[in-house]
Amino acid sequence: MTTVAVPAWTRRRALALIERNFMIYRRSVTPLLNALVEPILYLLSIGVGVGMLVGTVPGVDVPYATYVAPAILATTAMNTAFNQTSFGVFIRMRVEKTYEAILPTPLSVTDIAVGEVISAMINGLLTSIGFLALMAVGGLVTSAWVLLALPASLLISYAFAAGGLAVTTYLRDFPDFQYIQLFMLPMYLFATTFYPLSVYPEAVRPLIQVLPLYHSIELVREPALGRLGWDLLIPVAYLLAFGSIAMYVATRRMTRAMLR
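Just so it is clear: in the sequence shown, position 244 is 244 by the UniProt record's numbering, and no numbers are missing.
Here's what the structure looks like:
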């Protein structure tokens with residue numbers, strides 16, 4: 001197989017694409033507000049609604065809504081970043097042909113990839129800030145360490161933005177997005193978003209623990225509940241590795257597709 005020579009990138013050129021993206025985003029805050037609608041509905045319907053039946057989470061000793069809220073914050077960062085570099089990039093690559101117009105400029109394919117991922121990270125951080133503010137207003141914050149959710153959301157956004165970019169390079173048409181949901185939706189439901197790992201049979205727990213969303217939730221939930229430890233380095237290392245591998249795949253596949 002022919003080796004793909006991935007072009008270099010520079011901070012200045014990647015910043016040009018980020019600036020281009022935000023010149024478009026600033027015309028309307030609707031996409032960011034829409035990204036908050038679904039997590040708010042989950043928080044109200046499951047966190048608060050089901051929480052009235054559950055009460056305090058056994059073994060954690062916090063109200064159910066307080067337990068679920070940090071996990072939904074993690075999924076908010078995940079969905080915002082992943083959607084931007086999957087559906088958004090697919091549109092720009094296959095429908096609008098935006099990148100074909102950009103490539104004759106000094107920007108390289110790698111500049112585009114890095115710029116898209118950083119743009120998604122910024123949006124993931126913004127939606128996380130919005131959701132964290134709602135948690136505070138709703139009385140769902142129990143520890144000042146919850147502020148660590150913000151740098152955590154940047155790392156989560158990086159991992160899933162890079163993952164979304166890599167996945168997008170394999171998509172052929174819009175129906176292929178259904179395959180993404182076959183993975184994303186079960187992961188959202190079973191990666192300890194709504195209940196502890198301890199409720200699963202022991203044979204199933206290792207499968208849950210390899211999911212990137214599981215590590216994302218751990219990285220947000222533990223500090224949010226005031227529990228800090230060296231074991232938090234595990235999700236940090238996992239998400240860094242996951243994002244870096246995905247970025248490696250994405251840049252090579254984008255280079256092969258766009259410069260052939």
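Beta carbons are placed, not taken as given, at the ideal position from N, Cα and C, and that holds for glycine.
Within the segment 182-235, the runs of alpha helix (DSSP H) at least 4 residues long that lie entirely inside it are, in chain order, 205-209 and 212-224. For M78, the enclosing alpha helix (DSSP H) begins and ends at Y64 to N83. Assignment of beta-bridge partners to T56 by DSSP yields P63. Apart from sequence neighbours up to five positions away, the residues of its chain that approach S108 with a beta-carbon distance below 8 Å are P7, A8, W9 and R13, ordered along the chain. Of the other Cβ atoms in all chains shown, fewer than 16 fall within 10 Å of the Cβ of D61; this residue is therefore exposed. Counting C-beta pairs with one atom in each stretch, the segment 93-107 and the segment 223-238 have fewer than three that are closer than 8 Å, which means they do not touch.
Approximately 17 Å separates the beta-carbon atoms of N34 and S119; this is outside 8 Å, ruling out the contact. For L147, the number of other beta carbons within 10 angstroms of its own is below 16, and it is reported as exposed. In this structure, the CA atom of G229 is about 45 Å from the CA atom of P106. Buried is the label assigned to L155, since at least 16 other Cβ atoms lie within 10 Å of its Cβ.
Under a 10 Å Cβ-count criterion, M184 is classified as buried, with 16 or more other Cβ atoms of the shown protein chains found around its own Cβ.
Taking 8 Å as the cut-off, the Cβ atoms of F190 and I208 count as close.
Annotation for F160: M78, A81 and F82 place their beta carbon closer than 6 Å to its own, counting only its chain and skipping 5 residues before and after. If the five residues before and after T142 are omitted, its C-beta is found closer than 7 Å to the C-beta atoms of V62, T66, L225 and G226, all from its own chain and listed in chain order. Here the segment 110-129 lies against the segment 241-254, with 3 or more beta-carbon pairs under 8 Å apart. Per DSSP, reduced to three states, the secondary structure at A241 is helical. Taken through DSSP and simplified to helix, strand or coil, A8 comes out as coil.
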